[in-house]
Every structure is written in C-alpha cells, then in structure tokens.
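S.K.: Residue numbering for the sequence shown follows the working numbering, starting at 2 and increasing by one per position.
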Amino acid sequence: MQAYRKSLPPLDTLVFFEAAMRHLNFTEAADELFVTQAAVSKRIRQLEDWLGVDLFERSGRRLQPTEAGAYLAEKTGMTLDYLTQALRALKVPERPVVRIASVTALAAFWLQPKLKDFALSEEACLFNLATADDLGDLLKPEHDLVILHGDGRFPGWHSELLFQEALTPVGAPEIIEFLRSGGDRKQASLLNYPRLAPNWIDWAGWIQRTGRTDLKDWPVHMCASYNQSVGRALKGQGIALGALPLLREEISSGRLVPLDGATLKTGMGYFIAWPNNRPLGMDAERLKTALLSGD
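(1) Decide if M2 is buried, meaning its Cβ has at least 16 other Cβ atoms within 10 Å, or exposed.
(2) CB-CB under 6 Å to A133, same chain, minus the five flanking residues each way: which ones, in chain order?
(3) Which value, in whole angstroms, describes the spacing of the CA atoms of E75 and M22?
(4) Are L192 and A263 close, meaning C-beta to C-beta below 7 Å?
(5) With C-beta atoms as the reference, is F179 less than 7 Å away from A274?
(6) Using beta-carbon positions only, say whether S254 and H222 come within less than 7 Å of one another.
(7) Pairing CB atoms from the region 229-249 with CB atoms from the region 112-121, are three or more of them under 8 Å?
(8) Rounded to whole angstroms, what's the CA-CA distance from G157 to N278? Just pull it up for me.
(9) Using a 10 Å radius around the Cβ and a threshold of 16 neighbouring Cβ atoms, would you call H159 buried or exposed?
(10) For F164, collect the residues of the same chain with a Cβ closer than 7 Å to its Cβ; drop the 5 residues on either side in sequence, then sort them by chain order.
(11) Excluding five sequence neighbours on each side, which residues of the same chain lie with their C-beta closer than 6 Å to the C-beta of L130?
(12) Determine whether the beta carbon atoms of F128 and V147 lie at a separation below 7 Å.
(13) Tell me which residues share the same chain as A125 and place their Cβ nearer than 7 Å to its Cβ, disregarding the 5 neighbours each side in the sequence.
(14) Do I252 and the ligand GTP come close, with the Cβ less than 6 Å from some heavy atom?
(15) Please look up how many angstroms separate the CB atoms of W207 and L168, rounded, as I've assumed it's under 8 Å.
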C-alpha cells in the first residue's frame, strides 16, 4: 500500500506553489487563489521546509525559481492537470446533460426538428442524442429518455405514447403521376429494408396484412435501411412504405405523395420512455413535456 500521507507534502502547498510559479509573484498568486499574500508565502515556506530546499530566490518584487523550483514546477503542473482531467470526467455537472436515445427513423424524420425547436426555446437545456435500432442499445440505464417503437411494454421503464404507427405507400410526385396515368409498374420498384426487429413491418408483411396482392409481383429493391428507402423514394427511385406521422412534413409539402390512400394501422406506436428506478431531473422532465406536447 502506498503511504501517500507520509511520502507527500500537504497537497494544498503544491497548488499554492504552482500558482506562484506561473505568476512569479506571491501577491498575484494570492489574488488568483482568493487568499492573502501572507498565506501564499506561508504555504511556499512550508513546502520548502518539507523538501529541505529553496524553491525561489527572493529578490525584489519578482520571484526567481531555483533549479529545484523549476524542476518541481514542471512535474507539479503536469500532475495537477492530469488530476483535474480525471476529476472533471467524474464530477456530475451542476446541470447534467440530458441523455436521449431514439430509433433512427424517428430521429431523422421527427425528433431532430423537435429537438431544434426545443433548443431555441426558453425551456432549452443541454442534451445528447444517440440513435440505434437495437432495443438493448436503446434501453441502457444511463439514458434519461428513450424514443422507442413497440407496444408500450418495456420492462423497467415508464412509457407514454407519442403517436400510433400507420404505414402507407408513398413516392415522389412524378412517379405517382406516372403510375396513375397507366405507366408500367415495372418502372417503379417497391423499396424494401431489413427487418431489424420482430415488430417491424416490411413490404411482405404490409401486402399480407392489407390483402394488396396486386403489389405482390412488383419488383423489389432492397435498401440498407428504412431511412434509405425513404431517401430513394424522395429521389423518384421507387415506392417506400411511409410511416405516419413520421413523414408528415414530406407529405404535407408534396415531396412525397401517397400511392392510393391504402393505409395499415400496425397496432404499434412510438413511445417516449424513462427509467422507473430513478426520478427524472428537471431538465429531462421539461424535454419530455416538450416532446409530448408536439404534434
């Protein structure tokens, strides 16, 4: 075991010494440390007595470090900087950052605009957004708020519904007009995506549950993600399954147009959840309220 109490001088003497070395003046060091000049002088003398060497040559108003003082100053500055960084990493800030996590699709099309509005409001606070689609990555205990897709049952978490999910085929205006005017459907692929969770519904599930067998023979183009399928639909490269109201802005602006109005209510929804084993902080509570009050 390290006997630090016996091998180290009083640690406050090193803080006083470091300030004195930077200023080379006891009075200026005292002003920085909010103590008297006599207190700085006393601590430096205490450190010198403990070491058995002089750290400064005291001549005139400015101090001159001795060889021992210059050596110790370099080591002390590095040590205090290292200790400060370690403590800063552990210390809980006076206003902790609200940690919010979200499924990627909701973050891209609904959440980030809401967070921008919140950040510009009088209720603003610091927050950190993480995105994932794996339930285990989302339901980490360090997250304060989580936006989830599901049925609202998340063990260990309280949840409140943001909105129910409904899926409808959407495409760019020109491709929808092309299809409505009798264009060859082979020119319009169904933009599909990997089902990363059992409760996700892709084109095969949508066709089965709606009975839209007329779409069964359409060509299918696989995308890397749901977000990419929507991105390609916006570029006129096919028909995507539009999740409502995630795409409300794109549809209301006319950038995406429903194919024919056929909509499937999946029975799932998007929920905001928070841990049930600890109370929410005031900032997290304000952010939760702001998201729940949005349309």
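Backbone N, C-alpha and C define an ideal beta-carbon position, used for all residues, glycine too.
M.R.: Let's see:
(1) Any reading at M2 must be qualified, since the residue scores a pLDDT of 40, below 50, and its modelled position is unreliable; the value itself is stated next. By the 10 Å Cβ count, M2 comes out exposed.
(2) L139
(3) 10 Å
(4) no
(5) no
(6) no
(7) no
(8) 7 Å
(9) exposed
(10) P246, G270 and Y271
(11) I101
(12) no
(13) F119
(14) With respect to the ligand GTP, the structure shown offers nothing to examine, as it has no ligands at all.
(15) 6 Å
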